[in-house]
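Heads up: the sequence shown is residues 1053 to 1354, going by our numbering. Note that the Cβ used here is the ideal one computed from N, Cα and C, for glycine as well. Report on the following structure.
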Amino acid sequence: RILEYLGSELGADRAYIFEENDHGTSDNTYEWCAPGVSAQIDNLKDIPYEDTLEVWYNEFENSNFIVIEDLEDYKTVNENIYNILKPQGIHSLIAGPLTVDDEVVGFFGVDNPPSDRLKNITKIMILLEYFMSVSIKQRDNQELLYKYSYIDSLTGVMNRRSLDETIEETIEKRESYGLVMCDINGLKKANDEQGHLVGDMMIQDVATVLATIFGQRNVFRTGGDEFLAICTDGSKDDFLALSEKIKPMVDAKKHSVSVGTAFCAMKETDFNAVLKLADARMYEDKAQYYLSHGDRRRRGHS
1053 RILEYLGSEL GADRAYIFEE NDHGTSDNTY EWCAPGVSAQ IDNLKDIPYE
1103 DTLEVWYNEF ENSNFIVIED LEDYKTVNEN IYNILKPQGI HSLIAGPLTV
1153 DDEVVGFFGV DNPPSDRLKN ITKIMILLEY FMSVSIKQRD NQELLYKYSY
1203 IDSLTGVMNR RSLDETIEET IEKRESYGLV MCDINGLKKA NDEQGHLVGD
1253 MMIQDVATVL ATIFGQRNVF RTGGDEFLAI CTDGSKDDFL ALSEKIKPMV
1303 DAKKHSVSVG TAFCAMKETD FNAVLKLADA RMYEDKAQYY LSHGDRRRRG
1353 HS
């Protein structure tokens, strides 16, 4: 909304935000475009720092704004930036820093503002810089709170709290869904003989497989070595086809899991009943695993 206000009030073609990513490059993360102007956000990812944005960030560190009145004149200043801007139809721009806790984390800018308003635009953008930076910090704090509240810290999949809310807000309202219970075989042995670091890696590998198949937000770590995956899209056959991918992908990582599945085709079926069926089938699979490995372990042991 701030970008829309900024771009429309200043008569610019585009208003945007760039933020540093984990790769040491920068991405266009938010964008507003005037009517008839083509969006560029999908094309502006992983813009390099060295020899490209480095010049801009050096200015931003000193709280300076970048003002390009004529792009053709800027070619001699930074040809790499020129080659990025020219294909977008940019002939002028103004960009300023975004700071969080006194650290420059990105920048915001406008493309092709009216030339007779460049000086006034800079003053307005200096005022808006504070609101932009506060908005970025608030978003980051909200994401961090969500991460601590709903995401399992070891695996990156969802936790029990998230599962409870998902059941209440989503699953109980759906006509059909599939559940997969997954338990890691041999985790206790790995912890005892090779250490908990190896055991943690096993847990992380299995979580990665399940998240790859069902999506990170649909996988929940329900215990030390147990996971629940929920599939809400497609038919029963689609669900079973996805479930059959689990063991081969886990085997490829040189681990083993026991899997139990259950599909609910009627909304009135109680979730706990479907979960209990998937859980029972998973323990049946685990019993077969230990039987085939010459280890008749009781239910509940890994």
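For the pair of segments examined, the segment 1150-1163 was found to touch the segment 1068-1076: the number of CB pairs separated by less than 8 Å reaches three. Residue state for E1245 is assigned as helix, using DSSP reduced to three classes. When the five nearest sequence neighbours on each side are left out, no beta carbon in the same chain lies closer than 7 Å to the beta carbon of R1191. Between H1307 and D1257, the C-beta spacing is below 7 Å. Annotation for N1193: the continuous alpha helix (DSSP H) segment containing it runs L1170 to Y1202.
In the three-state scheme derived from DSSP, where H, G and I count as helix and E and B as strand, V1309 is classed as strand.
Between the segment 1199-1217 and the segment 1269-1278 there are three or more C-beta pairs closer than 8 Å, enough to call the two in contact. The Cβ atoms of M1254 and G1312 lie no closer than 7 Å to each other. Within its own chain, the residues whose Cβ lies closer than 8 Å to the Cβ of F1183, once the five positions on either side in sequence are excluded, are I1054, listed in chain order. Proximity of the segment 1238-1246 to the segment 1187-1206 falls short of the contact definition, fewer than three beta-carbon pairs being nearer than 8 Å. When DSSP states are grouped into helix, strand and coil, P1300 belongs to the helix group. In this model, L1249 and F1160 are separated by some 42 Å (Cα to Cα).
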